[in-house]
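Down below is the structure, laid out as structure tokens.
Number of protein chains: 2
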Amino acid sequence: MLKTKSTDDKQLNHLLAALPADEFDRLKNDLEPVTLALGEVIYESGEQLEYLYFPTTSIISLLYIMENGSTAEIGMAGNDGLVGIALYMGGSTTPNRAVVQSAGNAFRLRSKALKFEFGMGGIFQNILLRYTQYLMTQISQTAVCNRLHTVEQQLCRWLLINHDLLQTNKLIMTHDLIANMLGVRREGVSIAAGRLQKRDLIKYVRGTITMLDRDGLQVVACECYQVVSDEYDRLLGKYISKNQ
Amino acid sequence: MLKTKSTDDKQLNHLLAALPADEFDRLKNDLEPVTLALGEVIYESGEQLEYLYFPTTSIISLLYIMENGSTAEIGMAGNDGLVGIALYMGGSTTPNRAVVQSAGNAFRLRSKALKFEFGMGGIFQNILLRYTQYLMTQISQTAVCNRLHTVEQQLCRWLLINHDLLQTNKLIMTHDLIANMLGVRREGVSIAAGRLQKRDLIKYVRGTITMLDRDGLQVVACECYQVVSDEYDRLLGKYISKNQ
DNA sequence: GCGCTTGTGTGCGCTAACACACTTAAAATG
DNA sequence: CATTTTAAGTGTGTTAGCGCACACAAGCGC
Numbered sequence: 189m190l191k192t193k194s195t196d197d198k199q200l201n202h203l204l205a206a207l208p209a210d211e212f213d214r215l216k217n218d219l220e221p222v223t224l225a226l227g228e229v230i231y232e233s234g235e236q237l238e239y240l241y242f243p244t245t246s247i248i249s250l251l252y253i254m255e256n257g258s259t260a261e262i263g264m265a266g267n268d269g270l271v272g273i274a275l276y277m278g279g280s281t282t283p284n285r286a287v288v289q290s291a292g293n294a295f296r297l298r299s300k301a302l303k304f305e306f307g308m309g310g311i312f313q314n315i316l317l318r319y320t321q322y323l324m325t326q327i328s329q330t331a332v333c334n335r336l337h338t339v340e341q342q343l344c345r346w347l348l349i350n351h352d353l354l355q356t357n358k359l360i361m362t363h364d365l366i367a368n369m370l371g372v373r374r375e376g377v378s379i380a381a382g383r384l385q386k387r388d389l390i391k392y393v394r395g396t397i398t399m400l401d402r403d404g405l406q407v408v409a410c411e412c413y414q415v416v417s418d419e420y421d422r423l424l425g426k427y428i429s430k431n432q
Numbered sequence: 189m190l191k192t193k194s195t196d197d198k199q200l201n202h203l204l205a206a207l208p209a210d211e212f213d214r215l216k217n218d219l220e221p222v223t224l225a226l227g228e229v230i231y232e233s234g235e236q237l238e239y240l241y242f243p244t245t246s247i248i249s250l251l252y253i254m255e256n257g258s259t260a261e262i263g264m265a266g267n268d269g270l271v272g273i274a275l276y277m278g279g280s281t282t283p284n285r286a287v288v289q290s291a292g293n294a295f296r297l298r299s300k301a302l303k304f305e306f307g308m309g310g311i312f313q314n315i316l317l318r319y320t321q322y323l324m325t326q327i328s329q330t331a332v333c334n335r336l337h338t339v340e341q342q343l344c345r346w347l348l349i350n351h352d353l354l355q356t357n358k359l360i361m362t363h364d365l366i367a368n369m370l371g372v373r374r375e376g377v378s379i380a381a382g383r384l385q386k387r388d389l390i391k392y393v394r395g396t397i398t399m400l401d402r403d404g405l406q407v408v409a410c411e412c413y414q415v416v417s418d419e420y421d422r423l424l425g426k427y428i429s430k431n432q
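For the record, the sequence lines run as chains Z and G.
With this note's numbering applied, the first sequence closes on residue 432, and no number is skipped along the way.
With this note's numbering applied, the second sequence closes on residue 432, and no number is skipped along the way.
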């Protein structure tokens with residue numbers, strides 16, 4: 189993990205950007221900009237957290253690892269959110285793993301400063317709690333989606349979420365990695381992706397996926413994408429809109 | 189919903205029982221005992237909540253309702269928990285439905301009193317946040333379980349959770365209702381239940397299920413049951429142990 | 001006691017996803 | 001340029017769960 193120099197790009201994280209000036213001023217000296225590499229593990233299941241992370245250009249996945257080693261993504265956070273809710277919820281840790289899914293930058297805030305500001309009970313606390321509720325919606329929807337929808341639909345949903353969190357249409361990601369996220373076989377992803385490519389919704393070559401037709405993807409995707417997206421706007425829209 | 193007379197049985201809800209005397213004293217006049225009927229809807233998806241519920245002898249299910257009408261349970265709360273986290277998380281409502289799954293009693297706390305006491309930042313706040321984190325674990329595990337485990341395993345897990353929350357081995361519940369909870373077909377539940385009955389783990393007749401062999405059920409169940417149970421103890425064990 | 005509602009058993013065809021095995025081909029390495 | 005590694009395509013057989021349709025039977029109301 190590299191440290192970058194400035195805090196200029198704090199505006200890149202919507203939650204930080206939403207803070208009122210006085211609250212942000214109290215935090216800014218404790219906000220440390222860092223660069224996160226692809227695959228880097230932010231925290232391991234059961235491991236004591238030290239920092240709360242606010243991604244700016246990176247995306248972090250929350251992965252659940254089963255006893256038999258298979259994995260499934262339960263949530264995702266980019267510039268719309270944060271990683272490390274256990275720090276302020278009281279548990280200090282959670283039974284899942286946070287992995288950098290798309291390399292980029294983030295700010296991190298040391299536990300002590302976080303807890304102090306959270307205890308002030310201002311906008312900061314309100315935003316953190318609302319984001320937590322949003323994350324619960326994300327996880328709930330994943331639960332339901334896993335039960336009821338096809339791999340193809342889930343792949344579309346996953347691509348759409350990534351599209352929202354990234355600046356570009358290009359996604360550096362192999363079918364195998366996506367399979368780990370979705371908790372399905374690699375072949376299943378290949379077949380679903382192949383079908384999407386045939387319909388010119390995406391294009392991919394060896395680890396790079398390009399989204400060609402966002403609207404088309406949304407048609408194929410299940411309702412889950414929209415429900416979660418709407419809930420973000422409902423819970424946090426008064427502070428910031430997700431699609432800005 | 190009927191109102192009962194006394195607050196004597198507040199000890200029946202583990203979270204209430206865990207409150208220090210001074211905090212409980214501030215709440216007790218606002219705690220209203222109620223009786224909940226089977227099938228009663230505590231709150232509807234998107235509906236503004238007015239009360240936080242602390243079940244004592246009842247069990248409440250958090251159900252997600254899809255656009256096509258099919259349902260799936262994402263969480264469950266009995267005397268170990270509470271229902272209505274959106275009240276203190278800031279969202280005021282959640283995109284799911286809370287239904288009484290097992291008739292019984294509960295206490296309810298009006299929103300205003302809840303928010304006041306939550307704002308005090310004492311043990312009450314700590315317990316509520318820790319319970320929320322526990323609920324997230326429950327939901328995450330449901331997501332993973334839906335993806336990776338068989339109906340039979342999930343049925344075992346569901347029965348075990350109910351056994352923990354109830355006083356008896358008897359469960360008033362049809363296969364059809366269980367199917368709605370698990371988000372599967374009624375026939376799937378009948379087949380799984382039939383297999384469990386053949387192995388003398390359970391016994392059932394027309395809407396009543398008797399659990400005969402708890403240990404046996406745990407062997408058949410997936411790891412999910414134990415993981416969630418352990419996480420309850422980790423997060424809330426310092427206040428109260430789940431299996432008391 | 002009779003019929004009706006409701007809960008459960010069962011069968012059939014179908015599909016999505018699985019597990020495993022192997023091929024093809026594009027990059028990376030040297 | 002040759003070799004190795006890695007990403008993706010493909011095939012076969014298997015299975016869990018679905019949708020639908022219907023039989024059976026327990027218990028309820030009248």
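All C-beta atoms, glycine included, are put in the ideal place defined by N, C-alpha and C.
Check distances from the C-beta atoms of the region 319-339 of chain Z to those of chain G and list, in chain order, the residues that come in under 7 angstroms. Thr-320, Gln-321, Met-324, Thr-325, Ile-327, Ser-328, Thr-330, Ala-331, Val-332, Asn-334, Arg-335, Leu-336
Neighbourhood of Ala-225/G by C-beta distance below 6 angstroms, restricted to the same chain and skipping five residues each side: Ala-291
Closest Cα partner of Arg-285/Z within the set Lys-300/Z, Gly-257/Z, Gly-425/Z: Gly-257/Z
Where does Leu-295/G land, buried or exposed, given buried means 16+ other C-beta within 10 angstroms? Strictly speaking, residue 295/G in this sequence is Phe, with Leu absent from that position. By the neighbour-count rule (16 or more Cβ atoms within 10 Å), Phe-295/G is buried.
Who are the Cβ neighbours of Gln-326/Z in its own chain at under 6 angstroms, not counting the five residues just before and after it? Gly-263, Val-416
Taking the straight line between their C-alpha atoms, what separation do you get for Leu-423/G and Ala-380/G? 33 angstroms
Could you check what DSSP says for Lys-193/G in three-state terms: helix, strand or coil? With a pLDDT of only 49 at Lys-193/G, under 50, the local geometry of the prediction cannot be trusted, and no value is derived from it.
Which one of Gly-425/G, Val-271/G, Leu-348/G has the shortest CA to CA distance from Tyr-239/G? Val-271/G
Quick test of your reading: Gly-279/Z and Arg-318/G, contact by CB under 8 angstroms. State the CB separation rounded to the nearest angstrom. 6 angstroms
Of the listed residues Met-308/G, Arg-298/G, Asp-210/G, Ala-260/G, nearest to Ile-366/G (C-alpha basis): Ala-260/G
Return no unless some Cβ of chain G is closer than 7 angstroms to the Cβ of Tyr-427/Z. no
Exposed or buried, Met-308/G, counting other C-beta atoms within 10 Å across all chains shown (16 or more means buried)? exposed
What separation, rounded to the nearest whole angstrom, lies between the Cα atoms of Thr-223/G and Asn-293/G? 4 angstroms
Measure the alpha-carbon distance for Leu-336/G versus Gln-329/G and round it to whole angstroms. 10 angstroms
Rounded to whole angstroms, what's the CA-CA distance from Ser-233/G to Asn-357/Z? Just pull it up for me. 34 angstroms
Neighbouring residues, chain Z, relative to Ala-274/G (Cβ below 8 angstroms): Gln-321
Residue(s) in a DSSP beta bridge with Lys-358/G: Thr-398/G
Strictly by DSSP, which residues pair up with Asn-240/Z? Correcting the residue identity first, residue 240/Z is Leu in this sequence and not Asn. Looking at the DSSP assignment, Leu-240/Z forms a beta bridge with Leu-297/Z.
Can you tell me whether Asp-268/G is buried or exposed? The criterion is at least 16 other CB atoms within 10 Å of its CB, across all chains shown. buried
Start and end of the alpha helix (DSSP H) containing Ser-171/G? Summary: the structure shown does not reach residue 171/G, with chain G confined to residues 189 through 432, and so no result is reported for it.
Where Glu-255/Z and His-202/G are concerned, what is the direct C-alpha to C-alpha distance, given to the nearest angstrom? 30 angstroms
Just to make sure I have the definition right: I need the residues of chain G whose C-beta is within less than 7 angstroms of the C-beta of Arg-228/Z. Which are they? Note that residue 228/Z is Glu in the sequence shown, not Arg. What Glu-228/Z touches in chain G: nothing, since even the nearest Cβ is about 22 angstroms away.
For Gly-382/G and Met-369/G, what's the separation of their Cα atoms in angstroms? 18 angstroms
Does DSSP put Ile-273/G in a helix, a strand or coil? coil
CB contact flag (Thr-244/Z, Asp-213/Z, <7 angstroms): no
For Arg-345/Z, count neighbouring Cβ atoms within 10 angstroms of its own Cβ and tell me buried if that reaches 16, exposed if not. buried
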